[in-house]
Amino acid sequence: MTTLTQPLSNTLSLNYLLKQRSKWAGPNRVKCVYAFEPTSFGIGSNRVDWQSSCAILSSKVFSEEKSSSSSNSAGNNNSAADNIAAVNGHKTAVTDLNLVPINGSGDNAKSLPPKPLTISDLSPAPMHGSQLRVAYQGVPGAYSEAAAGKAYPKCEAIPCDQFEVAFQAVELWIADRAVLPVENSLGGSIHRNYDLLLRHRLHIVGEVQLPVHHCLLALPGVRKEYLSRVISHPQALAQCEHTLTKLGLNVVREAVDDTAGAAEFVAVNCLRDTAAIASARAAELYGLQVLADGIQDDPSNVTRFVMLAREPIIPRTDRPFKTSIVFAHDKGTSVLFKVLSAFAFRNISLTKIESRPHRNRPIRLVDDANVGTAKHFEYLFYVDFEASMADVRAQNALAEVQEFTSFLRVLGSYPMDMTPWTPSSRGN
Ligand SMILES: O=C(O)C(=O)C[C@]1(C(=O)O)C=C[C@@H](O)C=C1
Numbered sequence: 001m002t003t004l005t006q007p008l009s010n011t012l013s014l015n016y017l018l019k020q021r022s023k024w025a026g027p028n029r030v031k032c033v034y035a036f037e038p039t040s041f042g043i044g045s046n047r048v049d050w051q052s053s054c055a056i057l058s059s060k061v062f063s064e065e066k067s068s069s070s071s072n073s074a075g076n077n078n079s080a081a082d083n084i085a086a087v088n089g090h091k092t093a094v095t096d097l098n099l100v101p102i103n104g105s106g107d108n109a110k111s112l113p114p115k116p117l118t119i120s121d122l123s124p125a126p127m128h129g130s131q132l133r134v135a136y137q138g139v140p141g142a143y144s145e146a147a148a149g150k151a152y153p154k155c156e157a158i159p160c161d162q163f164e165v166a167f168q169a170v171e172l173w174i175a176d177r178a179v180l181p182v183e184n185s186l187g188g189s190i191h192r193n194y195d196l197l198l199r200h201r202l203h204i205v206g207e208v209q210l211p212v213h214h215c216l217l218a219l220p221g222v223r224k225e226y227l228s229r230v231i232s233h234p235q236a237l238a239q240c241e242h243t244l245t246k247l248g249l250n251v252v253r254e255a256v257d258d259t260a261g262a263a264e265f266v267a268v269n270c271l272r273d274t275a276a277i278a279s280a281r282a283a284e285l286y287g288l289q290v291l292a293d294g295i296q297d298d299p300s301n302v303t304r305f306v307m308l309a310r311e312p313i314i315p316r317t318d319r320p321f322k323t324s325i326v327f328a329h330d331k332g333t334s335v336l337f338k339v340l341s342a343f344a345f346r347n348i349s350l351t352k353i354e355s356r357p358h359r360n361r362p363i364r365l366v367d368d369a370n371v372g373t374a375k376h377f378e379y380l381f382y383v384d385f386e387a388s389m390a391d392v393r394a395q396n397a398l399a400e401v402q403e404f405t406s407f408l409r410v411l412g413s414y415p416m417d418m419t420p421w422t423p424s425s426r427g428n
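All letters in the sequence shown, in the order written, are residues 1 to 428 by UniProt numbering.
This is the structure we're talking about:
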């Protein structure tokens, strides 16, 4: 039987942060310093939570700008703001969410032309008033660092040695956001992060797509013929597999934690027989030469990253949004078909469906009467669809999905990355 551990309270997290931050701040990497039993499911794991999440998401649509003092779609009389506080467990979320800029406000709002929204505008500013701190997995020069910079141009990027640590950094208020890869156009899904999304209670607040342009890096003076080994992140090795062969490199491939970490390893250990696959920026940072440029098998190689925060953002309808959900069902054979048809009938496009085995890992479900039971599911399904939770079609589709499933959680509703991109451009 799995028992849920108490989530760290904000006070606890802040005390912890005060103790640890001086040690971890600046260039030091955040390390996994403690372990806690991961919660099986967080906010939105049961029907009541999910319903209130949906109610909040649907009742506070900025484009309508109406007072939402009347009853909300969950059928109670709380204001949307109260609901946010209830779901997130503290009132600060309300203030936080009000920081989202809406078409200019204040005395001179009318004279200003409407400013185009950026992804970072839609995400609340940090409560501490300083630079946004963004956790990523890897060391400086990693693609994840570049993705953090693309998502939040003025952020302080905080390197973490594992994905799990990046999640924890946000949960413990050491970072304000985490930016993590979820899929690559060549290598497919990064399953570890799908599993972690489920085990942690962070919300997806945005996405960025980063063109990934790999280089073969070695110590200055080293020639290709000297190489017996190439090291990199497993995804990067997979993305360059054919090109390595075409380059005539008869080398052992070895996986390490991240691309820039591989470059650093070659440089620090003065390895003349080893090359790293990493970015041009990693070459500059660690003093390596570029032996081959653009070695990814597909020039359109792109990795999709998601931005995670402690609070959800308010979904809107005035620009394209995506919503990510995860669900499971424990009976019936046509459930998946029914779920997918809930979107198809409403003309909602699905951009991604991913199934993850969840065998022998019990999930604690809590019903409306607060009675908990442990259930086993064979698979969890992750679905991304192109609609905002502020869109009635999405609300209706999810209400229907809820009928067919035993577990449903909205991971986030967030602006789609619409950045125009050309394969030849270097993203890093
Ligand atoms: O190792 C890095 O530089 C990363 O940021 C990780 C990562 C990944 O996990 O997929 C990110 C983008 C590339 O697809 C290759 C590696």
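For every residue, glycine included, the Cβ atom is placed at its ideal position computed from N, Cα and C.
- For Arg-356 and Val-290, the gap between their C-alpha atoms comes out near 38 Å.
- Proximity of the stretch 208 to 215 to the stretch 284 to 303 meets the contact definition, three or more beta-carbon pairs being nearer than 8 Å.
- Rounded to whole angstroms, Tyr-152 and Ala-282 show a C-alpha spacing of 20 Å.
- Counted as a single uninterrupted DSSP element, the stretch harbouring Phe-345 is not any alpha helix (DSSP H), since DSSP gives it neither H nor E.
- According to the DSSP secondary-structure assignment, Asp-384 is paired through a beta bridge with Ser-324, Lys-352.
- In this structure the stretch 321 to 331 lies against the stretch 384 to 391, because at least three pairs of beta carbons, one per stretch, are closer than 8 Å.
- Just measuring C-alpha positions, the residue of Pro-220, Ser-228, Ala-147 sitting nearest Asn-184 is Ala-147.
- Rounded to whole angstroms, Ser-144 and Ala-369 show a C-alpha spacing of 43 Å.
- Per DSSP, Gly-261 is not a residue of any beta strand (DSSP E); the alpha helix (DSSP H) it occupies stretches across 259 to 268.
- When secondary structure is reduced to three states using DSSP, Tyr-136 falls in the strand class.
- As the crow flies, the alpha-carbon of Glu-254 is around 35 Å from that of Met-416.
- Going by beta carbons, Ala-309 and Asp-161 fall outside the 8 Å limit.
- One thing to note: Ala-260 has its Cβ no nearer than 8 Å to the Cβ of Leu-216.
- Within the same chain, and ignoring the five residues on either side of Gln-235 in sequence, the residues whose Cβ sits closer than 6 Å to its Cβ are Asn-184, Gly-187.
- Taking the Cα positions, Ser-413 is about 9 Å away from Arg-316.
- Taking all protein chains shown into account, Met-418 has fewer than 16 neighbouring C-beta atoms within 10 Å of its C-beta and is therefore exposed.
- Between Ile-204 and Val-306, the C-beta gap is smaller than 8 Å, which places the two residues in contact.
- Listed by position in the chain, the residues whose beta carbon lies within less than 5 Å of some heavy atom of ligand 1 are Gly-138, Ala-142, Tyr-143, Ser-144, Pro-181, Asn-184, Val-212, His-233, Gln-235, Ala-236, Asp-258, Thr-259, Thr-303.
- Under the DSSP assignment, Ala-175 falls outside any alpha helix (DSSP H); it carries neither an H nor an E label.
- In this chain, Gly-221 is not harboured by any beta strand (DSSP E), its DSSP state being neither H nor E.
- Burial of Leu-180 is indicated by the presence of at least 16 other C-beta atoms within 10 angstroms of its C-beta.
- Classified as buried, Thr-405 has 16 or more neighbouring CB atoms from the shown chains inside 10 Å of its CB.
- Cα atoms of Asp-384 and Val-410: separation of roughly 10 Å, rounded to the nearest angstrom.
- Gly-412 sits in a strand when the DSSP states are folded into three classes.
- For Gln-209, there is no enclosing alpha helix (DSSP H); the enclosing beta strand (DSSP E) covers residues 203 to 211.
- Comparing alpha carbon positions, the residue from Gly-221, Ala-278, Arg-201, Ala-166 closest to Asp-293 is Ala-278.
- Rounded to whole angstroms, the separation of the alpha carbons of Leu-202 and Pro-420 is 28 Å.
- Look at Glu-145 here: in three-state DSSP terms it is helix.
- Its Cα nearest to that of Ile-158, the residue Ala-178 stands out among Ala-178, Arg-272, Asp-367.
- Counting along the chain, the unbroken beta strand (DSSP E) around Thr-274 starts and ends at 274 to 278.
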